[in-house]
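The next block holds one structure in the form of structure tokens; read it before the comments.
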Amino acid sequence: MRAAARLAAVALLVLGLVVGTTHPVIAAPKAGPGQWFIKDYGIDKLWKTSTGKGVKVAVIDSGVNADHEDLGGVVGKSKDFSGLGKDGKTPIGGKTTIHHGTAVAGVIAGKGTGAGPIGVAPDATILSASMWLGPDRPKESGSTREQADKAIRWAVDSGAKVINMSLGWDDPGWPESWDKAFSYAYKKDVLVVACVGNASQGATQAWSPSTVPGVIGVGGLDKKGKVLEDSTAPGTAVDLMGPAEDIPIPYYSGGYAEGQGCSFASPIVSGVAALIRADDPKLSADEVRAKLQSSAKPVSGHKGVSKKGDPDPIVGWGRLDPKAALKAEVPAKVPSAEKQLEDWVKMHRRGEAEAKETETASPDESESPQAVAPTDIAASQPTPTLGFVALGAGALVSVVLMVASLLSFARRRR
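Structure (structure tokens):
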């Protein structure tokens, strides 16, 4: 009997140890369903060092649905600039654009909840500045260029370290007011990232604001790392190329979808910039930009990349390489975005006519994301709670069987 009691005590101790190990532990982020680019671009390697904590990334777009399960607690501050009396957390726009801001925010800082994608910088804070995108702008909504001007200034004053503008106007020019707005951002040490435009929307040359000196203009690559021709536009404004095909996103009205286009390559670059700024807060925006560009790799199937004084109009400096960018030394000579813009203004603002208002270019029907049923995705992923319960139950059954076997052996010996 004493032997049996000792065996039972040992069994209970073993059970306690086994079940105790089934409690969840805090681990590094993991890519969500369909996020092929996380591993392909080595972003998961950066998460061992940085998750973007403490960095604010402004999303100037159609508004971010802060109530989406994948974006809970992500939006720190918001404001609407459309003139429609919204709050920056209420998606606005037509059926082909209203989803856009929520999607972009998810690519940058999604929480990876359930079937949702995790952001490139999952611990970054989003500042949501909503403005009108696309056609059919309401009469009460003012000039979209003026909306962007005010949104940039608000983002800077709200503490943004990175501004993402996955939008553009279908011409390379911009109004004089932008000279001061972007200069203000550069003076305050803010990095600005923008998409260069999609050929699928008729973009034959890079859109503004990617054309503004100092802005990182981002084009799109496919899953094989080759130029995704429909999802990029040529021009000297192209600086980096990033993943733009089948990017999982949170959908503005709930659930998830997949987006395509340089609109989603841009926030991936913005997210990597946030990781670098969080890892080394002493780096200036100019230094982060220099590290991203100097560490870029050649693009598969394309010969050549930008060199000093000789820009490549298709791929710029090349394919984004997050790991190399994080580890790269700051180049000996770092171009100043503020100085580049200042020089451009001196050269081009002599009697130049004011840029006319045009419709804001944004995802058209062909780029509109295709809805993906979240239940289908979730069904292939065991829930953490169920996994831990199953493990604990399995351990309990194993221990009970072990105790029964030992007691049986003891009886046979007697």
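Quick note: the sequence shown uses this note's numbering, first residue 85, plus one each step.
Quick reminder that beta carbons are idealized off the backbone N, C-alpha and C, glycines included.
Source: prediction; values computed, not measured.
Checklist entry - How long is the line joining the alpha carbons of Gly172 and Gly385, rounded to whole angstroms? => result In a straight line, the C-alpha of Gly172 is about 41 Å away from that of Gly385.
Item to check | Backbone secondary structure at Val274 - three-state DSSP | outcome: It is coil, neither helix nor strand.
Item to check | Environment of Asp370 [buried if 16+ CB atoms lie within 10 Å] | outcome: By the 16-neighbour rule on beta-carbons within 10 angstroms, Asp370 is buried.
Next on the checklist: In chain order, what are the residue ranges of uninterrupted alpha helix (DSSP H) at least 4 long that sit wholly in the region 247 to 308?
Outcome noted: For the alpha helix (DSSP H) assignment, the uninterrupted runs of no fewer than 4 residues enclosed by the region 247 to 308 are, from N- to C-terminal side, 260 to 271.
Checklist entry - Between Asp330, Pro201, Gly218, Ile352, which lies nearest to Val276 when the distance is taken from Cα to Cα? => result Nearest to Val276 by C-alpha distance, out of Asp330, Pro201, Gly218, Ile352, is Ile352.
Item to check | Where the alpha helix (DSSP H) through Gly363 begins and ends | outcome: It should be pointed out that residue 363 corresponds to Asp in this sequence rather than to Gly. Looking at the DSSP string, the run of the alpha helix (DSSP H) that includes Asp363 is 346 to 363.
Checklist entry - Who are the near neighbours of Arg497 in its chain, counting only those whose CB is closer than 7 Å to its CB and skipping five residues on each side? => result A caution first: Arg497 carries a pLDDT of 46, below 50, which makes its placement in the model too unreliable to give a value.
Checklist entry - To the nearest whole angstrom, what separates the beta carbons of Pro201 and Gly190, a pair I think is in contact under 8 Å? => result The Cβ separation is near 6 Å, so the contact holds.
Next on the checklist: Rounding to the nearest angstrom, what Cα-Cα distance links Ile331 and Gly126 in this structure?
Outcome noted: If you take the alpha carbons of Ile331 and Gly126, they lie about 16 Å apart.
Checklist entry - Over what stretch of residues does the alpha helix (DSSP H) that includes Ala408 continue unbroken? => result According to the DSSP assignment, Ala408 belongs to the alpha helix (DSSP H) that extends over 406 to 411.
Next on the checklist: Just to confirm before moving on: does the CB-CB distance between Ser379 and Ala409 stay below 8 Å?
Outcome noted: Between Ser379 and Ala409, the gap from beta carbon to beta carbon is short of 8 Å.
Checklist entry - So is Glu422 buried or exposed if we call it buried at 16+ other beta carbons inside 10 Å? => result It counts as buried.
Item to check | DSSP three-state assignment for Ser390, whether helix, strand or coil | outcome: If DSSP states are grouped into helix, strand and coil, Ser390 belongs with coil.
Next on the checklist: Taking the alpha-carbon of Val204 as reference, which of Ser315, Val399, Trp131, Gly388 has the nearest alpha-carbon?
Outcome noted: Of the candidates Ser315, Val399, Trp131, Gly388, Trp131 places its Cα closest to the Cα of Val204.
Checklist entry - Whose CA, out of Ala142, Ala349, Pro256, Ser267, lies closest to the CA of Gly574? => result The first residue shown for the chain is 85 and the last is 498, placing residue 574 beyond what the model contains.
Checklist entry - For the candidate residues Ala317, Tyr270, Ala321, whose alpha-carbon lies nearest to that of Gln285? => result Out of Ala317, Tyr270, Ala321, Ala317 has the C-alpha closest to the C-alpha of Gln285.
Next on the checklist: Less than 8 Å between the beta carbons of Ala283 and Arg237, yes or no?
Outcome noted: No, the Cβ-Cβ distance between Ala283 and Arg237 is not below 8 Å.
Checklist entry - Among all the DSSP beta bridges, which residues are the ones paired with Arg325? => result Here residue 325 turns out to be Met, not Arg, going by the sequence shown. Answer is Gly303, Arg403.
Item to check | 3 or more residues per run - each beta strand (DSSP E) lying fully within the region 194 to 253 | outcome: Counting only runs of 3+ residues, the beta strand (DSSP E) found wholly inside the region 194 to 253 occupies 209 to 214, 246 to 249, in chain order.
Checklist entry - So Lys163 is in the beta strand (DSSP E); what residue range does that whole segment cover? => result Start and end: 159 to 164.
Next on the checklist: Looking only at its chain, what residues have a beta carbon closer than 7 Å to the beta carbon of Lys123, apart from the 5 residues adjacent to it on each side?
Outcome noted: So the qualifying residues of the chain are Ala115.
Checklist entry - How about Val139 and Ala358: do their beta carbons lie closer than 8 Å? => result Their beta carbons are under 8 Å apart, which means Val139 touches Ala358 by this criterion.
Checklist entry - Starting from Glu342 and walking both ways along the beta strand (DSSP E), at which residues does that stretch end? => result It spans 340 to 343 - the beta strand (DSSP E) in which Glu342 sits, taken as one unbroken run.
Item to check | Exposed unless 16 or more other CB atoms sit within 10 angstroms - verdict on His152 | outcome: Under the 10 Å beta carbon count, His152 is surrounded by 16 or more other beta carbons and is classified as buried.
Checklist entry - Can you tell me whether His184 is buried or exposed, with buried defined as 16 or more other CB within 10 angstroms of its CB? => result So His184 counts as buried.
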